[in-house]
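Chains as they are written, first to last, in this note's numbering: chain A, 615 to 791; chain B, 443 to 1013.
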């Protein structure tokens, strides 16, 4: 056991077979971020319009809403790409490996043995693209749910079923915590 | 509510071990449960509580008493100026209280019952919304008996039942007679051990674990000593908050006037601001110290810890006596804590991290509040094998720079606005406004960062991961390999510029603010540890699987194992 085990654990965090998310997740993120940016933009626009004719305006017209607009557009265009590029995951025989984060790079190993339960969820936007997200719950305190977004729904369900089977067929009967 | 055929736990799980003797009409609490002949015999010898029991009648009195402050607040306007017409609201509320709250307390008491069978504990409660909770006996992890001052005066106790699955108390009996509380624990524990040992267990428990091994006993002197090391401003803040309610100035005034001699002292003090500040600080430190001792003694008076099979049990408290149990295999991590003063004299505190036990202690339970290093290690080894590493690896020195820059930036962000908004007629020192002098603390920030670096270390042993951290509170976390949960490394943009990473192994029930993170490890080293820790975890479980099944491999054939989705033919 030891020799092959040693050989195949060497790649615990290797990036050999790291998978990316489904590319359409970028569109989903763009849509969500656009909605968020609009929420910021509208009050800015409202402020600009209501102060259009006031004499003591300390900002030229359009400065505030323009900044928010440009920032929002940049955010919607660039951020999903960066985030998509940072995301990667791999389901290995005994663990789930993932890395993500634009500003803060995070690499995580979730041993399948430690998973309490798995959900597949889908929101309104994701449904349009037939994508789902895998939510893995563990008993760990800081990372009690680990989320992998942007998986085709069928694939997310396949992964869920595999993890479920791994847990069910665990020959160790000890309690997870 | 229609009677349901099966009872379910609070979280909706079906009862794992349906009691064979459960009657169909469980909902009718007045009906005594029919029992088989054999079980009836066991029940009588063990004193199982087969009939639904009510709580102690004094509960009623205590609950009414507990609700009185609310009534006082409601009626406060009325009491202040009786006869005013504006008091209609509070009067109406008061009447509503009388009409609803008091009968509610009575009804709640009337509709609450508990029952203990060899298989489960059944608690029925609720007036409008009937709740029927059954806790399987073997799931009960901990039976905690709490007796606060009032309860001790009346000879009653609060029994908390805790299970592993839930994060909070699963069932609470508040209050029962104190003998009844002890009996409940005996009965449950004897059922857990199985009926063949039940007799022995019951008699052993009757002696209250007299023949079990006492691990730690703290005399009053020791408790006082340990309190003396626990300086805390927290209690002081509480004291001042309470004093605030009693209008301290009037009190001080009265004291000063009554003793004319103190008059000149106060005059001197109030005429020199520096002296006033000094006196305040000294008084605060002294009060903080004394109140710390007081709180500590109240909490840990007569501390006793003993080993009972595979559980640690402890009892302590001056006014509120708490008895608790910590199952050894539910311990997620060991935490050794000390502070510079305690360490200078070789004293430590030992805590264990658990899940599903007392929420109030944030998943941390104190096993030994105060003991010497050797004793603490001995205790820790009772919980699990601990091999303290010879040396701890330091994190990167660059952490000093990062911390210094970060703290200075935060400090500057706090100071600069005050500089800007500082009124012109306020205190100016040496030609500049006072807040500028705050930057004089910057060297101390550097010193603090260096101290943090020096006190931060980690070591990966064969049996666990050891992390040292903290300047004012030194923590040493011992995370056993078998309790590892999720593995993380993180690198922020600033860390990436310096080639650093943060390493974190998550465990169940870890606290959310002070957790065992290893900050600013060199990136290559962090990755190596990240892999090595996980490999050790996997190796441990592979060995266990092999021992359990006799086969070297895990449960699935290679082609059945979960594999990369990309390997699959597209569906």
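No residue lacks a Cβ here, since even glycine has one placed at the ideal position from N, Cα and C.
One or two residues paired with residue i in a DSSP bridge
i: residue 917 (chain B); result: B:779 and B:911
i: residue 659 (chain B); result: B:746
i: residue 928 (chain B); result: B:948
i: residue 789 (chain B); result: B:814
i: residue 906 (chain B); result: B:922
i: residue 730 (chain B); result: Residue 730 (chain B) is not bridged to any residue.
i: residue 730 (chain A); result: Bridge partners of residue 730 (chain A): none, in fact.
i: residue 574 (chain B); result: B:566
i: residue 493 (chain B); result: According to DSSP, residue 493 (chain B) bridges with nothing at all.
i: residue 715 (chain B); result: Partner(s): none; residue 715 (chain B) has no beta bridge.
i: residue 711 (chain A); result: A:704 and A:723
Partner residues on chain A for residue i, Cβ-Cβ distance less than 7 Å
i: residue 927 (chain B); result: 728, 752, 753 and 754
i: residue 773 (chain B); result: Per Cβ cutoff of 7 Å: no residues; residue 773 (chain B) is ~11 Å from chain A at best.
i: residue 934 (chain B); result: 717 and 718
i: residue 917 (chain B); result: Per Cβ cutoff of 7 Å: no residues; residue 917 (chain B) is ~16 Å from chain A at best.
i: residue 951 (chain B); result: 755
i: residue 948 (chain B); result: 754, 755, 756 and 757
i: residue 743 (chain B); result: The premise fails here: residue 743 (chain B) is roughly 32 Å from chain A at the closest Cβ pair, so nothing lies under 7 Å.
Bounding residues of the beta strand (DSSP E) (the contiguous stretch that carries residue i)
i: residue 862 (chain B); result: Note, residue 862 (chain B): premise wrong, no beta strand (DSSP E); alpha helix (DSSP H) at 840-863.
i: residue 393 (chain B); result: Look at the range of chain B in this structure, 443 to 1013, and you will see that residue 393 (chain B) is not part of it.
i: residue 562 (chain B); result: 562-567
i: residue 958 (chain B); result: Note, residue 958 (chain B): premise wrong, no beta strand (DSSP E); not H, not E.
i: residue 763 (chain A); result: 759-766
i: residue 599 (chain B); result: 598-605
i: residue 705 (chain A); result: 702-705
i: residue 558 (chain B); result: 555-558
i: residue 722 (chain A); result: 719-725
i: residue 982 (chain B); result: Segment 965-991 is the alpha helix (DSSP H) holding residue 982 (chain B); no beta strand (DSSP E) there.
i: residue 614 (chain B); result: 613-619
i: residue 749 (chain A); result: 745-752
i: residue 941 (chain B); result: Premise fails: residue 941 (chain B) is in no beta strand (DSSP E) and is neither H nor E.
i: residue 783 (chain A); result: That residue, residue 783 (chain A), is in no beta strand (DSSP E); it is neither H nor E in DSSP.
i: residue 766 (chain B); result: 763-769
Cross-chain neighbours of residue i in chain A, by beta carbon under 9 Å
i: residue 930 (chain B); result: 720, 721, 722, 723, 756 and 757
i: residue 895 (chain B); result: Ordered by position in chain A, no residue passes the 9 Å Cβ test against residue 895 (chain B), which lies about 22 Å from the chain.
Cβ neighbours of residue i in the same chain (closer than 6 Å, five flanking residues each side left out)
i: residue 588 (chain B); result: 600 and 764
i: residue 487 (chain B); result: Because the pLDDT of residue 487 (chain B) is 41, which lies under 50, any placement of that residue in the model is unreliable, and the number read from its coordinates should be weighed accordingly. Within the same chain, residue 487 (chain B) has no close Cβ partners at all.
i: residue 721 (chain A); result: 713
i: residue 752 (chain B); result: 770
i: residue 652 (chain B); result: Residue placement at residue 652 (chain B) cannot be trusted, given a pLDDT of 48 that sits under 50; the coordinates are not used to answer.
i: residue 632 (chain A); result: 702 and 704
i: residue 553 (chain B); result: 569
i: residue 757 (chain B); result: 746 and 765
Chain-ordered neighbours of residue i on chain B, where CB pairs are closer than 7 Å
i: residue 785 (chain A); result: 987, 990, 991 and 997
Cutoff 8 Å; reference residue i; Cβ partners in own chain excluding five residues on either side
i: residue 637 (chain A); result: 698
i: residue 876 (chain B); result: 864, 868, 869 and 870
i: residue 887 (chain B); result: 846, 849, 850 and 853
i: residue 947 (chain B); result: 907, 921, 926, 927, 928, 929, 930, 958 and 975
Cutoff 7 Å; reference residue i; Cβ partners in own chain excluding five residues on either side
i: residue 662 (chain A); result: 675, 676, 678 and 679
i: residue 780 (chain A); result: 726
i: residue 690 (chain A); result: 644, 647, 648 and 651
i: residue 686 (chain A); result: 651, 654 and 655
i: residue 956 (chain B); result: 917
i: residue 735 (chain B); result: 666, 669 and 670
i: residue 878 (chain B); result: 861
i: residue 945 (chain B); result: 931, 960, 963, 968, 971 and 972
Contacts of residue i in chain A (Cβ-Cβ under 8 Å)
i: residue 862 (chain B); result: Result: empty, since nearest Cβ-Cβ is about 18 Å, beyond 8 Å.
i: residue 938 (chain B); result: 719
i: residue 957 (chain B); result: 755 and 756
Span of the alpha helix (DSSP H), counted from its first residue to its last, around residue i
i: residue 885 (chain B); result: 884-896
i: residue 587 (chain B); result: First-last for residue 587 (chain B): 582-589, but that is the beta strand (DSSP E), not the alpha helix (DSSP H).
i: residue 661 (chain A); result: 639-664
i: residue 741 (chain A); result: 738-742
i: residue 536 (chain B); result: 530-538
Per the contact definition of three or more C-beta pairs closer than 8 Å, is the segment 833-846 of chain B in contact with the segment 867-874 of chain B? no
Any chance the segment 933-940 of chain B sits against the segment 731-751 of chain A, with 3 or more Cβ pairs inside 8 Å? no
If you pair each beta-carbon of the segment 815-834 of chain B with each one of the segment 944-963 of chain B, do three or more pairs fall below 8 Å? no
Measuring CB atoms only, is the segment 916-925 of chain B touching the segment 939-946 of chain B, in the sense that at least three cross pairs come out at less than 8 Å? no
I want to know whether the segment 573-589 of chain B touches the segment 502-522 of chain B - three or more CB-CB distances under 8 Å. no
Stretch pair the segment 738-755 of chain B + the segment 711-729 of chain B: three plus CB contacts closer than 8 Å: no
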